[in-house]
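The opening position of the first sequence corresponds to residue 1 in my numbering, with each subsequent residue numbered one higher. One structure is given below, encoded as structure tokens.
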Amino acid sequence: MKIQAPKGTRDILPSEIHRWQYVSRVFAGLCDSFGYKEIRIPVFEYTELFQRGVGDTTDIVQKEMYTFDDKGGRSVTLRPEGTAGVVRSYIENGMYSLPQPIKLYYDITAYRYENVQKGRYREFHQFGVEAFGAAGSEIDVEVISLLHMFFEKLRLKQTGLNINSIGCPACRKAYHEKLKDFFRPHLSELCNDCRNRFDKNPLRIIDCKNEECRKFIDGAPLLLDNLCDECRNHFEGLRSGLDNLGINYAIDPKIVRGLDYYTRTVFEFVSENGGSQGTICGGGRYDGLVEECGGPSVPGIGFALGVERLLMELDIQGVAIEEPPAPDIYIATMGQRAVDLAMQMVYKLRGHGVQAETDLMGRSLKAQMKYADKKRFSYTIAIGDDEIEAGKGVLKDMRTGDQKDVSLDSIVDRLKNQVNQAK
RNA sequence: GUGGGCUUAGCUCAGAUGGUUAGAGUGCCAGGUUGUGGCCCUGGAGGUCAUGGGUUCGAUUCCCAUAGCUCACCCCA
Numbered sequence: 001m002k003i004q005a006p007k008g009t010r011d012i013l014p015s016e017i018h019r020w021q022y023v024s025r026v027f028a029g030l031c032d033s034f035g036y037k038e039i040r041i042p043v044f045e046y047t048e049l050f051q052r053g054v055g056d057t058t059d060i061v062q063k064e065m066y067t068f069d070d071k072g073g074r075s076v077t078l079r080p081e082g083t084a085g086v087v088r089s090y091i092e093n094g095m096y097s098l099p100q101p102i103k104l105y106y107d108i109t110a111y112r113y114e115n116v117q118k119g120r121y122r123e124f125h126q127f128g129v130e131a132f133g134a135a136g137s138e139i140d141v142e143v144i145s146l147l148h149m150f151f152e153k154l155r156l157k158q159t160g161l162n163i164n165s166i167g168c169p170a171c172r173k174a175y176h177e178k179l180k181d182f183f184r185p186h187l188s189e190l191c192n193d194c195r196n197r198f199d200k201n202p203l204r205i206i207d208c209k210n211e212e213c214r215k216f217i218d219g220a221p222l223l224l225d226n227l228c229d230e231c232r233n234h235f236e237g238l239r240s241g242l243d244n245l246g247i248n249y250a251i252d253p254k255i256v257r258g259l260d261y262y263t264r265t266v267f268e269f270v271s272e273n274g275g276s277q278g279t280i281c282g283g284g285r286y287d288g289l290v291e292e293c294g295g296p297s298v299p300g301i302g303f304a305l306g307v308e309r310l311l312m313e314l315d316i317q318g319v320a321i322e323e324p325p326a327p328d329i330y331i332a333t334m335g336q337r338a339v340d341l342a343m344q345m346v347y348k349l350r351g352h353g354v355q356a357e358t359d360l361m362g363r364s365l366k367a368q369m370k371y372a373d374k375k376r377f378s379y380t381i382a383i384g385d386d387e388i389e390a391g392k393g394v395l396k397d398m399r400t401g402d403q404k405d406v407s408l409d410s411i412v413d414r415l416k417n418q419v420n421q422a423k
């Protein structure tokens, strides 16, 4: 069998790594400004965590998890998302007894076994934020404003914010009954999935794409119109908070979010460039999740942002990402004495933060110059026996082609100053 | 889980109505006399024509299956 990357995985190659590093850097910098601290969580967890934390009825748990038994016979699962692990860590490390709110961010890979297509992989990258302990809508506004500013910093346009409220267990329960009453007469005409949802989570029938089901859905009561007073106030608070910051949004009563743990606020950032994988980022409030996972009753809110989709969108919109800087200096050598000297020189230069290289393959001067050109070095120095005798090297500006003799004694200091000044 | 398209050198792609050593461009390596890049010229390496089976005197070319890629459905980041 030919060895190749598993389906749905891909290498991020040196030629594109700067794009990934760039968005990670911007995200981390912004989280820092907002007071969110990075957390690093395990790639795998005990399977029960996701069953409880993500929800038994979700597609993720039912059919998309990478689950296996370890050698001790414990069932473990590659994380399909970040929230559950962060919640587990919050509880396990007693973060509820630290000053609240606890504001965390992460930059992770996640794993889901599903068919791949554009913008969807089996191993994918997410940026995420989770905030614990604050029940009011102000933190919702803060989290959404962080995303808003992130897209602004990246100069990403054509990305719309949609918000909705899916209520709390109390008003959702009342609404579920209302929904069931509405769908019950048509139950036999709904698709299999929806008949299943009818008992487990009737809310998700609203989100069904099936033609037959849609006919009935259009007239169905909306949760947004059936919120309890507290949830309604929370939603109003979110809206006025967004208005206060001048952040535009649309209300989309159809947003349900596929994960069971959400309460009240749900939102997503969607590309306006169509595409079935247009959701760049999704998130919401999960006030019951910490308790569900065995912790105290602590509210929470967070989001996950698909980095592959973000980069794709940056590409579609033609947003330029700065190329990595050209390396500084290549030292070309002729003869063993020159090689020894060059090895000393690049070692010193590198210690001072100068990007320096020399020949490692015993190649001709011409081949070395070609290499330096292809790797876009700004300068070269050529050294041979003659130069060593004279104590000089030939410094060449690769852009202009200008050459001049320079003293080998002072050259390292001069270059290091010159390069560091330019930076 | 379902359906369509695709799979020839590192990369982008030609091509043969089935017939001896499968091509281009680009990239890589080396040369174009004495120690120097970018242009140009020459040469070289590099492909079991995705994998497995079938039909055939003969298959990379036809048929089937499998895998992968890709797009879409479902769902989601």
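Even for Gly, the Cβ is constructed at its ideal location relative to N, Cα and C.
Asked: Just how far apart, CA to CA, sit R285 and D260?; Found: 11 Å
Asked: Can you check which of these residues, E357, D405 and R309, is closest to L156 by C-alpha distance?; Found: R309
Asked: My output table needs one value for Y106: the three-state DSSP class, helix, strand or coil.; Found: strand
Asked: Going by C-alpha distance, which of I60, I91, S89 and G94 is nearest L78?; Found: I60
Asked: Pick from A134, F44 and G119: whose alpha carbon is nearest that of P101?; Found: A134
Asked: Among N93, T109, D70 and I381, which residue has its Cα nearest to the Cα of G8?; Found: T109
Asked: Any idea if I251 is buried or exposed, counting beta-carbon neighbours within 10 angstroms, 16 or more meaning buried?; Found: exposed
Asked: Following the continuous beta strand (DSSP E) through C281, name the residue where it begins and the one where it ends.; Found: T279 to R285
Asked: Using DSSP bridges, identify the partner residues of N270.; Found: Contrary to the premise, residue 270 reads as Val rather than Asn in this sequence. Answer by DSSP bridge pairing, in chain order: G160 and T279.
Asked: Should the stretch 74-90 be regarded as contacting the stretch 44-55, the criterion being three or more beta carbon pairs within less than 8 Å?; Found: yes
Asked: Suppose the cutoff is 7 Å on Cβ atoms and the five residues either side in sequence are ignored; what does the same chain contact list for S145 look like?; Found: L245 and I247
Asked: With a CB to CB cut of under 6 Å and the five nearest residues on each side skipped, what residues in its chain are close to K103?; Found: G35, Y36 and A131
Asked: Which residues share a DSSP beta bridge with D260?; Found: DSSP output for D260 lists no bridge partner at all.
Asked: At a cut of 8 Å, does the stretch 293-311 reach the stretch 135-143 through at least three beta carbon pairs?; Found: yes
Asked: Got a sec? Which residues, its chain only, sit under 6 Å from P296 by beta carbon, not counting five neighbours each side?; Found: Y96
Asked: In its own chain, which residues sit with a C-beta less than 7 Å from the C-beta of S407, not counting the 5 before and 5 after it?; Found: G391 and K392
Asked: If I measure Cβ to Cβ from R337 and keep anything under 6 Å in the same chain, skipping five residues before and after, which residues do I get?; Found: I388
Asked: If you drop the 5 nearest sequence neighbours on each side, which residues of the same chain put their C-beta closer than 7 Å to that of F68?; Found: V76
Asked: Using the rule of at least 16 other Cβ atoms within 10 Å of the residue's Cβ for burial, across every protein chain shown, is K375 buried or exposed?; Found: exposed
Asked: Cα separation between G354 and H234?; Found: One point to set straight first is that residue 354 is Val, not Gly, in the sequence displayed. Each residue's Cα considered, the two are about 54 Å apart.
Asked: Anyone know if the C-beta pair for N226 and Y175 falls short of 8 Å?; Found: yes
Asked: State the DSSP-derived secondary structure class of S165, mapped to helix, strand or coil.; Found: strand
Asked: Return the first residue and the last residue of the beta strand (DSSP E) that T83 is part of.; Found: Taken as a continuous stretch (DSSP letters only), T83 belongs to no beta strand (DSSP E), being part of the alpha helix (DSSP H) at T83 to E92.
Asked: Just verifying my parser: in three-state terms, what is the DSSP assignment at L314?; Found: helix
Asked: CA-CA distance, E177 and I205?; Found: 13 Å
Asked: Would you report the Cα separation of Y330 and E268, rounded to the nearest angstrom?; Found: 49 Å
Asked: Measure how close the beta-carbons of C293 and V87 come, nearest whole angstrom, since I'm counting them as under 8 Å.; Found: 5 Å
Asked: Using only CA atoms, which one of Q403, S137 and N162 lies nearest to I255?; Found: N162
Asked: Along the chain, where does the alpha helix (DSSP H) containing H234 start, and where does it finish?; Found: D229 to N244
Asked: Using the Cα positions of E313 and N273, report the straight-line distance between them to the nearest angstrom.; Found: 8 Å
Asked: I need the straight-line Cα distance from G306 to A342, nearest angstrom please.; Found: 45 Å
Asked: Does the beta-carbon distance from R122 to Y111 come in below 8 Å?; Found: yes
Asked: If you count every other CB in all the chains shown that lies within 10 Å of the CB of Q126, and 16 or more means buried, which is it?; Found: buried
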